[in-house]
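A short write-up of the structure that comes next.
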Amino acid sequence: MCTKYNDYYSQCVPATSTRETSTGVTSQVSTTSIATSTSRVTTSTTSAAPQPSGAGPSRLVGKTPALGWNSWNAYQGNINEAKIRAAADALVSLGLKDAGYNYVNIDDCWSNITGRDVGTSRIKPDLNKFPNGIKSVADYIHSLGLLVGIYSDAGTLTCAGFPGSLGYENIDAQTFAEWGIDYLKYDNCNVPNNWTDTYGGPDFDWYNSNSGIRYRQMTSALASVASIRPIQYGICNWGNADVWTWGSRVGHSWRMSGDSSASWSYITSIIARNTNYLNYVDDMDMMEIGNGALTINSEQRTHFAMWVALKSPILLGTDLSKLNATQLAIIKNAELLAFSQDTTVGAPAKPYKSGTTTPPEYYTGKSAKGTHVFIMNVGSAPASKIVTFSEMRLLGNWAHLYELQST
């Protein structure tokens, strides 16, 4: 059943006794359904957006940063049931499940690119990639004691051109819950012009903006199925719309930047950017350990430790079967993972010492165990770092230091 709110937006909810198709998000001159469209919708006319409910994200999940694996950095669109099941098996066999990693997340390109079911408007899996459907994969992952995530988009199409959820939030949330989905990554591609915003100055209300409302509509939809299945909600709007100021009211995590890359310049640039927003707990994007030419004992070690220190979700993004013993030891470091998953404090570490480097090199953060100190070397050559305990408020007389980068 679909309800038309205005000329540009209709909301579809799961049908009961009738079967009806949606007109979706359209331009003024088009009546083409999202269900059958494979082109970007771009209307230049701004329309008032319907107000979603004030429901927030489920408090039954997402209490600490997510730990798990995501398919995109490893396989991009070349995914299938066998690869997802293999990743789940690897989390168990490599000891990563025992270390706390529990999400197996399917990224873009899992659905049928030709569109939704004509009769029900439900999103459909690509049966060439997932011949037994998504629920079967979810059931298998759950049988291992793990959780499963899926991907959609707050636009008409996903970033790879598959059906998006704008206008279908309720029906997609219902479908995901019925499949047994535990986590939703919600991207930001192919947004119609009438759903974008014109910046209104430093006091602009992003929570009630079109950008905020697109994500809040999915929050409301997920809340409506929380009694069936609470779903952890990852906002992936690339750090747009000052998302860190409203993300916690809408989702469990929120991206603060564009997509990751396996380069040292990316690692340091994201750390530097995130130090501007440490009153919030931001998602620094998926891990690149095991990818590219990042050195293992320095760059990959620092990458992992600083994502932990700043309380980012830790979603591994590589072919897990190719990780060596050193890389596995890095991502299974029990003390760092305990800081990540601490429920007593939950705040990220923050720079405590001014300096001339970008990003800063000296950080402290608190957990139930006390005060933790993180020191990194942002230079391109080995260096010695001096830690002066008196500079660290509330540190006390003892510290255990984990080496982020070998010298």
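Reminder that position 220 of the sequence shown reads as 220 in UniProt numbering, one-by-one numbering, no gaps.
Virtual Cβ for every residue (Gly too), placed ideally from N, Cα, C.
Computed from a prediction, not measured in an experiment: that's the story for all the values here.
Considering Cα atoms alone, identify which of the options is closest to residue i.
i           : options            : result
residue 144 : 236, 327, 97       : 97
residue 339 : 106, 314, 87       : 314
residue 343 : 367, 374, 231      : 367
residue 372 : 385, 383, 336      : 336
residue 91  : 77, 319, 108       : 319
residue 265 : 282, 292, 252      : 292
residue 182 : 95, 212, 234       : 234
residue 483 : 257, 179, 231      : For the chain, the structure presents residues 1 to 407; residue 483 sits outside this window and is missing.
residue 189 : 231, 165, 270      : 165
residue 267 : 167, 382, 298      : 298
residue 491 : 341, 83, 121, 156  : Residue coverage of the chain in this structure runs from 1 to 407, which leaves residue 491 outside it and unanswerable.
residue 111 : 128, 102, 261      : 128
residue 139 : 176, 223, 286, 280 : 176
residue 262 : 316, 213, 243      : 316
residue 202 : 355, 241, 167, 212 : 241
residue 161 : 305, 252, 77       : 77
residue 281 : 93, 303, 309, 259  : 309
residue 216 : 324, 52, 384       : 52
residue 194 : 186, 204, 210      : 210
State the start and end residues of the unbroken alpha helix (DSSP H) segment that holds residue i.
i           : result
residue 142 : 133-143
residue 289 : Careful: residue 289 lies outside any alpha helix (DSSP H) and carries neither H nor E.
residue 306 : 301-309
residue 259 : Careful: residue 259 lies outside any alpha helix (DSSP H) and carries neither H nor E.
residue 92  : 81-93
residue 97  : 96-99
residue 381 : No alpha helix (DSSP H) holds residue 381; DSSP gives it neither H nor E.
residue 339 : 334-340
With DSSP run on the structure shown, which of helix, strand or coil describes residue i?
i           : result
residue 388 : coil
residue 409 : The chain is shown only over 1 to 407; residue 409 falls outside these bounds and no answer can be derived.
residue 39  : In this prediction, residue 39 scores a pLDDT of 31, lower than 50, which makes its location untrustworthy; the coordinate-derived value is nonetheless stated afterwards. Coil.
residue 323 : coil
residue 209 : coil
residue 197 : coil
residue 75  : helix
residue 328 : helix
residue 148 : strand
residue 346 : coil
residue 203 : coil
residue 117 : coil
residue 242 : helix
residue 281 : coil
residue 176 : helix
residue 297 : helix
residue 215 : helix
residue 268 : helix
residue 62  : coil
Provide the residue(s) that pair with residue i in DSSP beta bridges, ordered along the chain.
i           : result
residue 229 : DSSP lists no partner for residue 229.
residue 69  : 104, 316
residue 57  : Paired residue(s): none; residue 57 is not in a bridge.
residue 363 : 351, 374
residue 111 : 125
residue 157 : 163
residue 235 : 186, 254
Hey, residue i and residue j are a contact pair by Cβ (cut 8 Å); roughly how many whole angstroms apart?
i           : j           : result
residue 163 : residue 115 : 6 Å
residue 104 : residue 61  : With 8 Å as the limit, residue 104 and residue 61 do not qualify as a contact, their Cβ atoms being about 15 Å apart.
residue 284 : residue 276 : Contact flag wrong, Cβ pair sits at about 13 Å.
residue 254 : residue 247 : 3 Å
residue 134 : residue 150 : 7 Å
residue 250 : residue 219 : 5 Å
residue 86  : residue 69  : Going by Cβ atoms, the distance from residue 86 to residue 69 rounds to 11 Å, so no, they are not a contact pair.
residue 300 : residue 330 : 6 Å
residue 378 : residue 361 : 6 Å
Within the continuous beta strand (DSSP E) that includes residue i, where are the two ends?
i           : result
residue 168 : Counting along the chain, residue 168 falls outside any beta strand (DSSP E), and DSSP gives it neither H nor E.
residue 374 : 370-375
residue 275 : Run containing residue 275: none; DSSP gives neither H nor E here.
residue 184 : 183-187
Counting contacts by CB-CB distance shorter than 8 Å, is residue i in contact with chain B?
i           : result
residue 222 : This model lacks chain B altogether; it includes just one protein chain.
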